[in-house]
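Before any comments, here is the structure.
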Amino acid sequence: MTALAALAGQPVIAGGGLAGLATALLMDRPCVLLSPAPLGRDAASALAQGGIAAAIGTDDSVALHAADTLAAGAGLCDPDAVAAIVGAGPEAVAGLRSLGVVFDLGADGQPDLHLEAAHARARIAHARGDGTGAEIMRALVARVWATPRITVIEGAALRRLVLRDGRVVGVEFMRGGVVRALPTAACVIATGGVGALFPATTSPVGGQGMGLACAARAGAVLRDMEFVQFHPTALADGPAGAPRALVSEAVRGAGAILVDETGARFTDELAPRDVVARAIEAHLAAGHQVLLDARTATRGAFARHFPGIARACAARGLDPDRQPMPVRPAVHYHMGGIETDLNGRSTVPGLWACGEAASTGLHGANRLASNSLLEAFVCAGFVARDLDAASLPMPRPVGEPAPDAGDGVGLADIHACLGRAAGILRDGAGLARAARALAPHVATDDRALVGAMLCLAALERRESRGGHYRTDYPRTAGTAVHSRLTLARTLTMLADLSSGEPVLTPADGLTVP
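My numbering puts the first residue of the sequence shown at 711, with every later residue one more than the last.
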């Protein structure tokens, strides 16, 4: 590893997925990229099947794409963010091509575009069939290794942000069991989502919200933490402790149907993800099986269209050309995160965020399919441009790293809390119990902090909207209001819960009588 002293003052990017790689590649400054795993591994971006949404079809427009995004977001999208990010979609596809990504083409030599749920047009550009994420990561990883101004430190996980006078002056990261400190006036958190805090998820095991915890402990505002997207169709069976294999939205877009054991359809397969996920969950709870039947849709050529899914099915003894696939919902994406402006700046000076770790305003209460890769790449470009223009102060020593707090609450306990309380169907009593159970651990355990913030935001939102559904408050409020939490407010709310005090008042604006 390059001596840390030589890297002092360079922007530090925490995260080895699409958002982190693209930020490093799209800026002109020398920078440091911290990747918890070998570059390209354990990143949700590599698992993305559907593709990247962009209005590049002859029958499409940015306005139509924006309208679909706003509709899916259930009132909580920021129209300016939607316009800026969706508007950059065609340029993003071109930019990825210039970095070496090879997208699939149709017989006419034009991009082969897929249709996915809640899109009015076929606008999903994909690569290697259902291997878009892997293809994008292949190309970007190669470019990063070929770019001398980017210093990659593998096996390095962001542990803490060092602040002085309220702004970032350094980062601490863990590598090889040792905590190291690096002075910097600019840190970009691109650490992904929180899916691995749930018992059933399509996310890699590293998606435990550690970047969110670092931001919260630095004083950043975290927004809309309660909005978790459950993908409706993950394969129902798989190895214990491993991510669930996803059956892409594109399979339903190609005509596959959802049926039960009697062969009866019970929902609109192309409705928004939250609607389909709740329908499947309710059907399972009623004692039915849920199966995704692609036999007619792909006409014996499933593996040609969806090779990655076909391999996952084969590993489980399934042949989608001959039998329906048993599916059930699994946590797939976190719409909430570190609140940022369109330059990726958080509420803490010197701290930027992009990708799934950020709350940019694009997704609102329910992400539109395949907008995640779009957001990660486009917003990485916004952050890179802002960092290139920023005047960063000279680094100063940040002192010795603080001692490690040691082991916290077990991941199995986090799974139990969030799986029971913060799943597809939620209620106030369950959310309060989970928050109380996590409360004793939030001071020293980052996973417990993130889980508690998620539960508190869900408890505070006494309505149902998008990916957040309260069985005790099933109606949607007339006015859409963001939730915002800081560490200080989180600790106050947890103390109130423990003492029996109410955690919100009608003035908070999130209650539907």
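We put the beta carbon where it would ideally sit given N, CA and C, even for glycine.
For residue i, report the span of its alpha helix (DSSP H) as first-last.
i, result
"Pro-800", "799–808"
"Thr-1006", "1005–1008"
"Glu-1226", "Summary: the structure shown does not reach residue 1226, with the chain confined to residues 711 through 1223, and so no result is reported for it."
"Arg-983", "983–995"
"Leu-1209", "It is worth fixing the name first, because residue 1209 is Ser in this sequence and not Leu. Looking at the DSSP string, the run of the alpha helix (DSSP H) that includes Ser-1209 is 1197–1209."
"Ala-1086", "1081–1099"
"Gly-730", "728–736"
"Leu-893", "Going by the sequence as given, residue 893 is Pro instead of Leu. Segment 888–893 is the beta strand (DSSP E) holding Pro-893; no alpha helix (DSSP H) there."
"Pro-1105", "Here Pro-1105 belongs to no alpha helix (DSSP H), and DSSP marks it neither H nor E."
"Val-772", "772–782"
"Arg-1134", "Per the sequence shown, residue 1134 should be read as Ile rather than Arg. Note, Ile-1134: premise wrong, no alpha helix (DSSP H); not H, not E."
"Ala-1025", "1017–1025"
"Ala-756", "754–757"
State buried or exposed for residue i, treating a residue as buried only when at least 16 other CB atoms are found within 10 Å of its CB.
i, result
"Trp-855", "exposed"
"Met-935", "buried"
"Arg-1009", "exposed"
"Gly-719", "buried"
"Arg-933", "buried"
"Glu-971", "exposed"
"Leu-1220", "For Leu-1220, the predicted structure reports a pLDDT of 42, less than 50, and the residue's modelled location is therefore unreliable. A value from the coordinates is still provided. So Leu-1220 ends up on the buried side."
"Ala-1079", "buried"
"Pro-1059", "exposed"
"Ala-716", "exposed"
"Val-888", "exposed"
"Ala-996", "exposed"
"Gln-759", "buried"
"Arg-1175", "buried"
"Thr-1202", "exposed"
"Glu-1236", "Shown here, the chain extends from 711 to 1223; a query on residue 1236 therefore has no answer."
"Ala-1099", "exposed"
"Arg-962", "buried"
Could you tell me the boundaries of the beta strand (DSSP E) in which residue i lies?
i, result
"Thr-943", "938–945"
"Ala-1063", "1061–1063"
"Glu-741", "In the sequence as displayed, the identity of residue 741 is Cys instead of Glu. 741–745 is the extent of the beta strand (DSSP E) around Cys-741."
"Thr-857", "Note, Thr-857: premise wrong, no beta strand (DSSP E); not H, not E."
"Gly-684", "Any property of residue 684 remains undetermined from this structure, which presents the chain solely from 711 to 1223."
"Ile-899", "897–899"
"Met-1035", "1035–1044"
"Ala-926", "Not the beta strand (DSSP E): Ala-926 falls in the alpha helix (DSSP H), residues 920–927."
"Arg-838", "Segment: none, Arg-838 is in no beta strand (DSSP E) and carries neither H nor E."
"Arg-1032", "That residue, Arg-1032, is in no beta strand (DSSP E); it is neither H nor E in DSSP."
"Ala-952", "No beta strand (DSSP E) holds Ala-952; DSSP gives it neither H nor E."
"Val-872", "866–874"
"Met-1047", "Reading the sequence as shown, one finds Gly at residue 1047 and not Met. Unbroken beta strand (DSSP E) run through Gly-1047: 1047–1049."
Report the CB separation of residue i from residue j in whole angstroms; it is logged as a contact under 8 Å.
i, j, result
"Ala-724", "Met-847", "Actually they do not touch by this definition, with Cβ atoms about 17 Å apart."
"Gly-919", "Val-904", "4 Å"
"Ala-1094", "Thr-857", "Ala-1094 to Thr-857, Cβ: 13 Å. No contact."
"Arg-874", "Glu-882", "14 Å between Cβ atoms; not a contact."
"Leu-1061", "Leu-871", "7 Å"
"Pro-1039", "Ala-944", "7 Å"
"Leu-728", "Gly-1065", "7 Å"
"Ala-1063", "Gly-1047", "7 Å"
"Ala-1007", "Ala-955", "Not a contact, Cβ separation roughly 19 Å."
"Ala-802", "Leu-1084", "6 Å"
"Gly-1129", "Pro-909", "4 Å"
"Asp-1137", "Arg-1180", "6 Å"
"Ile-860", "Cys-1023", "No, Ile-860 and Cys-1023 are not in contact; Cβ-Cβ is about 38 Å, not under 8 Å."
"Ala-1144", "Cys-1127", "4 Å"
"Gly-880", "Thr-894", "6 Å"
When the cut-off is 8 Å and only beta carbons count, does residue i lie next to chain D?
i, result
"Asp-934", "This model lacks chain D altogether, as it is built from one protein chain only."
What I want to know is whether the C-beta of residue i ends up closer than 7 Å to one or more non-hydrogen atoms of the ligand MN.
i, result
"Leu-749", "You won't find the ligand MN in this model; it holds no ligand whatsoever."
Which runs of the alpha helix (DSSP H) at least 4 residues long sit entirely within the segment 1148–1195? Give them in chain order. 1156–1170
Counting pairs of Cβ atoms below 8 Å between the segment 1153–1166 and the segment 919–931, do you hit three or more? yes
Is the segment 1104–1114 touching the segment 807–820, taking contact as three or more C-beta pairs under 8 Å? no
Segment contact flag, the segment 906–915 with the segment 1143–1154, C-beta cutoff 8 Å, min 3 pairs: no
Contact between the segment 1021–1031 and the segment 1044–1060 is defined here as three or more beta-carbon pairs at a separation below 8 Å; is this criterion met? no
Measuring CB atoms only, is the segment 757–771 touching the segment 828–843, in the sense that at least three cross pairs come out at less than 8 Å? yes
Segment contact flag, the segment 773–787 with the segment 1069–1078, C-beta cutoff 8 Å, min 3 pairs: yes
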